[in-house]
Amino acid sequence: MLAHELGHAELHKVADKNDFSRGLKELQAEMTSYLVTKHYGIDTKDETLKYIADWTENGKKVDELADKEKLALFNGPTKAAVNLINAIDKDIDLEEKKLEKTRKLKRIQKAGLER
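Each residue of the sequence shown is one higher than the last, beginning at 775 in this note's numbering.
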């Protein structure tokens with residue numbers, strides 16, 4: 775899913791401070807994806823839970839982390855989701871304004887033709 779890949783892009787940049795394993799990076803990306811899609815009314819809970827369970831050995835990989843690492847692990851997806859939602863909302867607003875402008879022009883054109 776695109777939201778998952780955008781989660782990776784937002785979370786795991788080249789200068790990534792956290793050197794999490796691939797499984798934990800998959801957990802972060804999937805959590806980000808879940809938060810973003812849920813925000814827009816898309817429920818991916820079943821797929822998300824299975825995906826995360828598979829990559830983390832049913833949470834064992836998370837349990838092995840120190841508390842400070844867990845905090846970093848779970849803060850990342852929240853921040854990434856907020857950034858992605860803000861960017862998406864900005865694009866949606868821009869597209870809605872363009873659409874309204876197009877509709878207004880069509881109404882003006884139609885009114886001019888009816889005269």
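A virtual CB, placed ideally from N, CA and C, is assigned to each residue, including glycine.
Taking Cβ positions, are Tyr814 and Ile862 nearer each other than 9 Å? yes
Per DSSP, what kind of secondary structure is Phe794 in: helix, strand or coil? coil
Neighbour-count burial assignment, Arg871, 16 or more Cβ in a 10 Å radius: Position check: residue 871 holds Lys in this sequence, whereas Arg was assumed. Under this definition Lys871 is an exposed residue.
Taking the alpha-carbon positions, what's the Leu887 to Asn860 distance? 41 Å
Keeping to the same chain, check which residues put their C-beta closer than 6 Å to that of Thr822; ignore five residues upstream and five downstream. Same-chain partners within the cutoff: Glu804 and Tyr808.
Would you mind reading off the limits of the alpha helix (DSSP H) that contains Ile882? First-last of the alpha helix (DSSP H) with Ile882: Asp841 to Leu887.
Which value, in whole angstroms, describes the spacing of the CA atoms of Phe848 and Val836? 10 Å
Identify whether Met805 lies in helix, strand or coil by the three-state DSSP scheme. If DSSP states are grouped into helix, strand and coil, Met805 belongs with the helices.
8 Å Cβ shell around Leu858 - same chain, five flanking residues per side excluded: Ala777, Leu780, Gly781, Glu784, Thr806 and Val810
How long is the line joining the alpha carbons of Lys799 and Ile882, rounded to whole angstroms? Taking the straight line from one Cα to the other gives about 52 Å.
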